[in-house]
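Q: In the numbering used here, the protein residues as written are 14 to 105. In this text, a Cβ means the ideal position worked out from N, Cα and C, and glycines have one as well. Take a look at this one; I'll ask things after.
Rendered as structure tokens:
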């Protein structure tokens, strides 16, 4: 059994032994429910998320599955701008 402390903002750290058992990584999503008085965290695969654009019956592309996928690649917003500018220059 592992004891964890609820922090001021409602945060709890999942012990490394438990994270390793389910191959959890930073940025993973969990469904949080209560079952029989217990808090249950269920890992979620965002690639299985339904297409938001289809659900709303509006034209468009659902990018929600890509949110956060480039986290850590760029060090600053300026790096993103430089990358986009360089890519656009190749198109011309």
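By Cβ distance below 8 Å, which residues in the same chain neighbour residue 2 in space, the five residues on each side in sequence not counted?
A: This structure leaves residue 2 out entirely; the chain is present only between 14 and 105.
Q: On the CB-based measure, 16 or more other CB atoms within 10 Å of its CB, does residue 62 come out buried or exposed?
A: As a position in the chain shown, residue 62 is number 49, starting the count at 1. Low local confidence applies: a pLDDT of 48 at residue 62 is under 50, so the model's placement there is unreliable, with the coordinate-based value given in what follows. So residue 62 counts as exposed.
Q: Rounding to the nearest angstrom, what Cα-Cα distance links residue 16 and residue 54 in this structure?
A: Here residue 16 is taken as the residue at index 3 of the chain shown, counted from 1. Here residue 54 is taken as the residue at index 41 of the chain shown, counted from 1. Rounded to the nearest angstrom, the two C-alpha atoms are 16 Å apart.
Q: Please name the residue, chosen from 97, 19, 38, that lies closest to residue 57 on a Cα-to-Cα basis.
A: The sequence position of residue 57 within the chain shown is 44, counting from 1. The candidate whose alpha carbon is nearest that of residue 57 is 38.
Q: Report the partner residues of residue 43 according to the DSSP bridge assignment.
A: Walking along the chain shown from the start, residue 43 turns up at place 30. According to DSSP, which records beta bridges pairwise, residue 43 is partnered with 56.
Q: Look at the alpha carbon of residue 103 and the alpha carbon of residue 86, and state the distance between them as a whole number of angstroms.
A: As a working mapping, residue 103 is identified with position 90 in the chain shown. As a working mapping, residue 86 is identified with position 73 in the chain shown. Approximately 21 Å between the Cα atoms of the pair.
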